[in-house]
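To get our numbering, take the position in the sequence shown, counting from 1, and add 11. One structure is given below, encoded as structure tokens.
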Amino acid sequence: MQPVLPKRISRIIWRAIMEFSMLSPGDRCLVGLSGGKDSAFLLYALAALQRKAPFRFDLAAATIDPMFDPDFPAERLQALCEQLGVPFFLEQSNLAELAFASSRQNPCSRCAYFRRGALNRIATREGYSRLALAHHHDDAVETFLMGIFYNGQLQTFTPVTKQDNTGLLVIRPLIYLRESQIRATRRFFDWEPIPSCCPIDGKTSRSAVKGLLKTLEKENPAVFGNVSAAMRLPLEKIKLWPPQLSREAMQEKYRAVVDAQEKSFET
Numbered sequence: 012m013q014p015v016l017p018k019r020i021s022r023i024i025w026r027a028i029m030e031f032s033m034l035s036p037g038d039r040c041l042v043g044l045s046g047g048k049d050s051a052f053l054l055y056a057l058a059a060l061q062r063k064a065p066f067r068f069d070l071a072a073a074t075i076d077p078m079f080d081p082d083f084p085a086e087r088l089q090a091l092c093e094q095l096g097v098p099f100f101l102e103q104s105n106l107a108e109l110a111f112a113s114s115r116q117n118p119c120s121r122c123a124y125f126r127r128g129a130l131n132r133i134a135t136r137e138g139y140s141r142l143a144l145a146h147h148h149d150d151a152v153e154t155f156l157m158g159i160f161y162n163g164q165l166q167t168f169t170p171v172t173k174q175d176n177t178g179l180l181v182i183r184p185l186i187y188l189r190e191s192q193i194r195a196t197r198r199f200f201d202w203e204p205i206p207s208c209c210p211i212d213g214k215t216s217r218s219a220v221k222g223l224l225k226t227l228e229k230e231n232p233a234v235f236g237n238v239s240a241a242m243r244l245p246l247e248k249i250k251l252w253p254p255q256l257s258r259e260a261m262q263e264k265y266r267a268v269v270d271a272q273e274k275s276f277e278t
């Protein structure tokens with residue numbers, strides 16, 4: 012297989028790689044490959060870019076079998092890697108049990124945490140300096156809104172994250188691509204995604220936010236772009252309420268008002 016990207020898609024991915032310094036000469040990049048449309052396309056895209064990049068970097072892929080399904084089709088992923096000429100690593104991790112072991116924690120967060128840990132171990136063990144994940148622009152905007160709706164926080168993941176304990180750089184080269192653009196790549200990358208075997212797939216908070224955004228975009232096509240722009244506002248331009256005062260601080264303010272009132276009577 013000779014991977015080829017349309018120029019427009021190639022430019023968008025290269026923009027992210029260069030803007031956020033995701034790759035540099037001599038880097039060894041490991042792609043987290045689940046078999047879904049996003050991760051499979053990320054591997055294909057990086058393999059295509061590797062052939063025409065102005066510098067050399069190594070590429071490999073790693074898959075974590077979550078053990079939800081005893082018939083997990085790892086052989087399909089290995090075949091894809093062989094066609095693209097990249098090394099392939101496979102590791103089993105009982106995410107099916109680990110993700111749902113605690114009733115107090117979000118199973119999606121736990122699953123992502125343990126999956127990432129397994130990928131980190133492979134990258135460190137095999138000497139890779141970059142871990143490439145397939146998050147796209149829709150994922151970033153959805154995460155931003157999920158933080159507001161479900162956690163009361165203004166946050167999302169960043170295009171590049173450095174792990175202090177390992178020195179590994181986590182990169183997201185698809186960060187400027189919309190999900191619809193990745194779906195459209197079926198025209199030149201005919202990959203049948205491996206279906207998710209997660210028992211709560213499609214029933215998560217992310218699914219709800221994705222549906223909400225889709226509805227709002229139909230009513231106002233500018234909605235997605237506006238939320239995306241809000242994620243990059245400089246801190247000095249963000250106008251929010253001040254933090255809520257503690258009970259002790261409120262008592263101090265009340266005492267100060269009472270003291271001022273008493274002093275006014277004395278005069």
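Where is the CB? At the ideal position from N, CA and C, for every residue including glycine.
Under DSSP, the beta-bridge partners assigned to residue 103 are 76.
Taking a cut-off of 8 Å on C-beta distances, the segment 172-192 touches the segment 18-27, as three or more cross pairs fall below it. Residue 196 counts as buried, since at least 16 other C-beta atoms from the protein chains shown sit within 10 angstroms of its C-beta. The beta carbon of residue 164 lies closer than 6 Å to those of 158 in the same chain, with the five residues before and after it left out. Residue 259 has its alpha-carbon roughly 58 Å from the corresponding atom of residue 60. Note on geometry: alpha-carbon atoms of residue 160 and residue 223 lie some 12 Å from one another. Counting along the chain, the unbroken alpha helix (DSSP H) around residue 128 starts and ends at 118-137.
With a contact defined as Cβ atoms closer than 8 Å, residue 238 and residue 156 qualify at about 7 Å. In this structure the segment 115-129 does not touch the segment 85-97; the number of beta carbon pairs closer than 8 Å is below three. Rounded to the nearest whole angstrom, the C-alpha separation of residue 241 and residue 38 is 32 Å. In this structure, the alpha-carbon of residue 104 lies about 42 Å from that of residue 251. Around the beta carbon of residue 131, a 10 Å sphere encloses 16 or more other beta carbons of the protein chains shown; the residue is thus reported as buried. A residue is called buried once 16 or more other Cβ atoms fall within 10 Å of its Cβ, and residue 100 is buried on that count. Fewer than three Cβ pairs drawn from the segment 196-207 and the segment 67-76 lie within less than 8 Å of each other, which leaves the two stretches out of contact. Judged by DSSP secondary structure, residue 173 falls within the beta strand (DSSP E) whose first and last residues are 171-173. Only residues of its own chain outside the window of five on either side were considered, and among them 234, 235 have a CB closer than 7 Å to the CB of residue 228, listed in chain order.
Rounded to the nearest whole angstrom, the C-alpha separation of residue 33 and residue 173 is 11 Å.
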